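To start, the structure itself, in structure tokens.
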Amino acid sequence: MFHSLFIALQSVTPVPKDLPLPLPLPEWLLVTILVISFLVHILFVNLMVGGSLLTLWSQIKGLKNKEYDILAHEIATTITVNKSIAVVMGIAPLLSINVLYTVYFYSANALTGLMWIAVVPLVTVAFLLTYLHKYTWKLLENNKPVHISILAVAVIIFLFIPFIFLTNINLMLFPEKWALVKGFFSAMTLPNVFPRYFHFIFASLSITGLFLHWYMGRKNYPFETIFPTFTRYELKKKGYSLALVASVIQFLIGPLVLLTLPSKGLGWNLVAVIFTGAAIVLPAMWMMWKGIQGDESTIDKDFKKVLILMTITVVFMGSGRQIYRSNALEKHRELVRLKTDEFQQIKKDAIAKSKEAKAQESTANLTEAQKGENVFKQNCTACHKPDVKLVGPPVIEMTSIYKDNKSGLQSWIKKPGKKRADAPQMPGFPQLKQEELDQVSEYILTIK
Amino acid sequence: MFHLDWLNNRMLIAIIAILHVIINHGLAVGFMPFVTWLEQRGVSRSGQDQITDLEWDNMVYKIMKVAFIITTTIGAMTGVGIWFSVALVSPASIGSLIRVFYWAWFIEWLVFVTEVVLIMIYFLTWKNSNSSLKAKIRHINFGWYLSIFSWITMAIIVSILGFMMDPGNWETNKSLLNGFTNPIYLPQLLFRTPTAMLVAGIFGMLLITLFTKAGSNLRLNAVKYASKWLLLWAPISLIGAYIYYNAMPEAMTANMSTAVGTIAFSQYYDLLKYFVAGGVGFTLIVGIIGVYKTKVLKPYMVIIPVITAIAYLGFFERVREFIRKPYVIGQYMYSNLLLEDDYVVYKQDGILKHATYTSVNEVTEDNKIEAGKNVFTIACSRCHTAQGVNSILDVFDRMYGSTGKPLDVASMAAYMPNMHTARNFMPEFPGNEKEAEALATYIKYLQQTGDVLEGAQEEGISVNPNNSPSALINKSK
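Note that the protein sequences, when read in sequence, are chains W and C. For what it's worth, the numbering used here labels the leading residue of the first sequence as 69, then goes sequentially. For what it's worth, the numbering used here labels the leading residue of the second sequence as 8, then goes sequentially.
This is the structure:
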């Protein structure tokens with residue numbers, strides 16, 4: 069009985085108050101910045117994660133066929149560039165989500181705290197490993213297992229980090245779960261984290277496939293001097309195939325993501341956007357298929373169209389993501405606004421009340437010693453009480469020491485020394501005006 | 008609330024931030040001009056028939072490679088880490104600052120993106136640029152652009168930081184311009200610029216001695232150049248430090264009416280002199296040895312000034328942070344993340360009543376320890392731990408003469424409401440008398456049981472019934 073009551077109490081949805089500061093920009097503009105900058109950021113993250121997966125696969129294949137080892141090396145050189153762009157591009161969406169969803173984002177961060185902050189050392193280590201891997205290619209040529217292991221560790225870290233981000237971004241949508249969550253792993257098992265994770269991984273592979281197609285086909289890329297046997301056509305075809313297969317798989321995972329979304333943020337606006345996005349990618353997939361089926365002369369034909377269509381789809385999906393977020397949090401944000409206003413009202417009343425009280429106080433005529441009492445309260449009561457030792461000695465002791473020595477007392481207050489073994493040294497009060505010193509010493513010496 | 012009971016929350020930010028500052032100053036702001044300058048020396052050292060002195064160029068490339076790898080990994084990630092850690096430890100303050108400074112940070116971000124793009128161009132095109140003199144000169148120009156952008160990034164961020172030191176203006180004038188015009192801005196920039204050069208020089212010296220063979224001509228020449236660099240910047244850094252050092256109390260006086268007299272600050276302030284002497288002194292010695300006794304210099308000798316230079320930079324950051332107290336945003340928000348304006352409510356109703364996350368919202372005779380624990384989490388845990396670094400137990404014990412005796416609840420409770428007047432780097436106690444007593448009871452309990460305080464990342468949260476949707480809806484009816 070007591071236990072179930074405890075649970076009931078625990079699962080209350082918290083309604084915190086927001087910061088009493090206006091947004092720096094209109095909300096729609098911030099949302100636009102958030103969505104676009106996030107897509108740019110995630111594009112490079114995709115290339116970084118997809119690239120490192122592809123490098124690992126290619127290098128393992130390269131153990132038998134040297135040509136793949138060269139391919140691995142070529143992709144590896146792009147990872148470290150993409151990762152740098154991914155990091156700087158991440159700052160803008162991070163700031164924007166901070167501003168727009170302050171309480172939600174920070175609450176989710178705090179609840180998964182240790183893992184959240186672990187992103188920093190983990191990513192740092194993974195980055196250092198990718199450099200180590202890239203710059204030891206020659207050195208470890210005859211020790212491939214070690215060389216490949218370096219990359220494998222980086223890949224494992226890269227594959228784990230998305231869980232941390234997704235857990236956070238998912239948890240922030242559900243304030244009703246906050247009181248139930250105990251640490252990162254319990255937040256990770258909330259529905260939707262895993263489907264979204266696989267959605268992300270296959271998006272990475274798909275985008276990396278397109279990237280490979282473009283990278284190998286660049287005019288100023290000295291392909292023929294790098295690869296002895298591979299042809300541009302072969303690698304472009306591989307890129308297309310990867311992109312196509314990953315896109316097909318997305319059609320299986322996508323519905324799963326949609327189905328596991330808690331119903332509170334679902335709406336026709338979301339469904340319309342997602343389905344339109346999915347519909348737009350279909351012709352792109354058809355063009356890729358034609359490209360793979362065709363020969364060397366036609367493989368480049370529709371590449372630009374594919375890129376444009378894919379970009380549109382990505383924008384739709386990114387918007388869908390934001391629509392779900394805003395649907396899901398709409399009501400709760402309303403409550404937070406109410407709470408924030410309520411507190412501001414309480415504050416106003418309290419300030420008015422305390423002003424009144426102060427006004428009454430100041431109208432009273434105070435004697436010198438009473439004024440001194442106020443000074444004493446403000447400056448001395450932290451450490452001194454009339455009759456017992458607190459931090460420093462009791463006031464009655466001062467009275468006995470400085471009985472007829474007001475100036476001695478005053479100069480001690482301004483610049484104290486240390487005389488007692490059992491008490492710390494008193495800080496000086498040079499900021500007190502002479503008037504205040506007079507009042508406070510008057511007060512001290514009247515205490516008996 | 009997120010809380011690390013052993014390490015201390017502030018320490019988490021401090022470690023990440025200081026690491027970032029060292030890398031940023033030492034391997035970016037100061038290092039880029041250093042490397043570009045050396046690269047240019049390579050071209051002018053070479054004969055008529057060469058583009059550059061290749062052996063020399065290769066050495067410069069190697070030290071740039073180290074800087075490139077470190078800045079784009081640890082440097083970049085500690086920069087992100089500052090955001091992450093501050094958002095965890097001090098969400099209300101960083102949230103408020105971003106709302107006001109969104110544009111400033113946005114501009115900063117654009118400059119930063121440019122910097123990252125430039126550093127990639129500069130480093131990744133290095134080898135290709137050795138094909139012609141024209142390409143090489145263009146490459147060197149990129150080095151200078153990069154140096155300029157690194158410096159601008161720092162100049163903007165110093166303004167944003169400087170703003171937070173500027174009291175009062177938060178309310179009246181929330182613009183970035185204010186950061187630039189605040190009294191501590193120029194002294195800070197005057198200090199940081201040459202100090203970045205100095206730290207970069209000493210890092211560079213270490214790398215040069217590591218990458219060249221002892222006794223080789225290459226080492227002799229490179230060490231001589233680096234030494235000259237050190238000798239040039241050391242006195243300027245010293246002057247910058249002197250100006251900044253003198254500007255500090257002014258910022259301090261403005262921030263806290265009584266600050267200059269406090270024991271804690273004057274201790275830091277005095278210590279600072281030794282750090283300045285150590286930081287600049289050792290690099291000067293290395294510089295002089297490098298010029299006159301070039302052959303004597305060994306890698307291990309450079310280690311000491313590298314360490315003192317890091318300490319020099321780190322300590323200035325520590326003192327700068329101290330000036331801020333008891334506020335995190337001058338005259339607006341205290342270090343405990345509570346707004347100065349809201350105090351009147353907390354004093355009237357108690358803080359627990361208005362806290363979103365607390366397991367009890369009123370102090371009773373039976374729940375003192377639990378209530379005190381919540382008060383501690385809300386009011387103290389941003390800076391103090393139960394048992395770790397800057398533990399609340401140690402602080403009280405020190406105050407009562409470091410006796411280790413059991414603490415007295417009554418005198419702690421009596422002390423708290425007036426604490427801010429004696430320890431003026433402390434914010435005022437944000438609650439009523441009952442809560443002060445509950446807090447004192449909890450502190451005593453901590454002392455007797457050795458209990459630690461777990462943060463929300465371990466224990467989860469309890470929601471104050473006052474902050475439930477139903478409570479809110481009922482009230483607004």
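For each residue, glycine too, the CB sits at the ideal point set by N, CA and C. In this text, all values refer to a predicted model and were calculated from it rather than measured experimentally.
- Phe253 (chain W) sits exposed, since fewer than 16 C-beta atoms from the chains shown fall within 10 Å of its C-beta.
- Scanning its chain for C-beta atoms nearer than 7 Å, with the 5 sequence neighbours on each side dropped, one finds around Ile380 (chain W) the residues Ile348, in chain order.
- A contact is defined here as three or more CB-CB pairs under 8 Å, and the segment 350 to 361 of chain W fails this definition with respect to the segment 391 to 401 of chain W.
- Contact annotation for Gln338 (chain C) against chain W: no contact, minimum CB-CB distance about 15 Å [criterion: below 9 Å].
- Residues of the same chain with a CB within less than 7 Å of the CB of Leu505 (chain W), apart from the 5 flanking positions on each side, are Gln478 and Ile481 in chain order.
- By the C-beta criterion, the segment 202 to 219 of chain W is judged not to be in contact with the segment 131 to 142 of chain C, since fewer than 3 inter-stretch pairs fall below 8 Å.
- Partner residues in the beta bridge of Ile336 (chain C), as assigned by DSSP, are C:Met340.
- By the C-beta density criterion, Gln428 (chain W) is exposed, having fewer than 16 other C-beta atoms within 10 angstroms.
- Collapsing the DSSP output to three states places Lys483 (chain W) in coil.
- With a contact defined as Cβ atoms closer than 8 Å, Asn473 (chain C) and Asn368 (chain C) qualify at about 6 Å.
- Unbroken alpha helix (DSSP H) runs of no fewer than 4 residues, entirely contained in the segment 69 to 135 of chain W, are found at 70 to 78 and 95 to 130, following chain order.
- A distance of 8 Å or more separates the beta carbons of Val187 (chain W) and Ser120 (chain W).
- Residues of the same chain with a CB within less than 6 Å of the CB of Lys85 (chain W), apart from the 5 flanking positions on each side, are Lys407, Thr408 and Phe411 in chain order.
- Contact of Gln507 (chain W) with chain C is not assigned, every C-beta pair being separated by 8 Å or more.
- Contact between Thr148 (chain W) and Lys202 (chain W) holds: their C-beta atoms lie close to 6 Å from each other, under 8 Å.
- In the structure shown, the three-state DSSP call for Ser398 (chain C) is strand.
- The beta carbon of Ile209 (chain C) sits closer than 6 Å to those of Thr290, Pro312, Val313 and Ala316, all from its chain and outside the five residues before and after it, given in chain order.
- Residues of the segment 441 to 466 of chain W with a C-beta atom less than 7 Å from some C-beta of chain C are Gln446, Asn447, Thr449, Ala450, Cys451, Lys453, Leu458 and Val459, listed in chain order.
- In the three-state DSSP reduction, Lys415 (chain W) falls in the helix class (H, G or I).
- When the alpha-carbon of Gly49 (chain C) is set against those of C:Met39, C:Gly37, C:Asp56 and C:Glu62, the nearest one is in C:Glu62.
- In the displayed model, Tyr364 (chain C) falls within a strand according to three-state DSSP.
- Proximity of Ile515 (chain W) to chain C, defined by a Cβ-Cβ separation below 8 Å, is not satisfied.
- By the criterion of at least three beta-carbon pairs nearer than 8 Å, the segment 25 to 33 of chain C is not in contact with the segment 109 to 129 of chain C.
- Within the segment 179 to 207 of chain W, the residues whose Cβ lies closer than 7 Å to some Cβ of chain C are Leu179, Thr180, Gly181, Leu182, Trp184, Ile185, Val187, Val188, Val191, Thr192, Phe195, Leu196 and Tyr199, listed in chain order.
- Burial of Ile216 (chain W) is indicated by the presence of at least 16 other C-beta atoms within 10 angstroms of its C-beta.
- Residue state for Thr392 (chain C) is assigned as strand, using DSSP reduced to three classes.
- The alpha helix (DSSP H) runs of length 4 or more contained entirely in the segment 126 to 174 of chain C are, from start to end of the chain, 133 to 136 and 140 to 172.
- When the alpha-carbon of Lys305 (chain W) is set against those of W:Trp96, W:Gly285 and W:Pro296, the nearest one is in W:Gly285.
- For His201 (chain W), the three-state secondary structure derived from DSSP is helix.
- The Cβ neighbour count for Trp158 (chain C), taken over all protein chains shown within 10 Å, is at least 16; the residue is labelled buried.
- In the DSSP assignment, Gly379 (chain C) falls within the alpha helix (DSSP H) that extends over Lys375 to Ala386.
- When DSSP states are grouped into helix, strand and coil, Lys457 (chain W) belongs to the strand group.
- Legend: CB atoms of the segment 158 to 175 of chain W lying less than 9 Å from CB atoms of chain C belong to residues Gly158, Ile159, Ala160, Leu162, Leu163, Ser164, Asn166, Val167, Thr170, Val171, Phe173, Tyr174 and Ser175.
- Judged by DSSP in its simplified three-state form, Leu304 (chain C) adopts coil rather than helix or strand.
- The continuous stretches of alpha helix (DSSP H) do not include Ala450 (chain W), and DSSP gives it neither H nor E.
- Taking C-beta separations shorter than 6 Å and ignoring five residues to either side along the sequence, the partners of Leu345 (chain C) in its chain run Pro437, following chain order.
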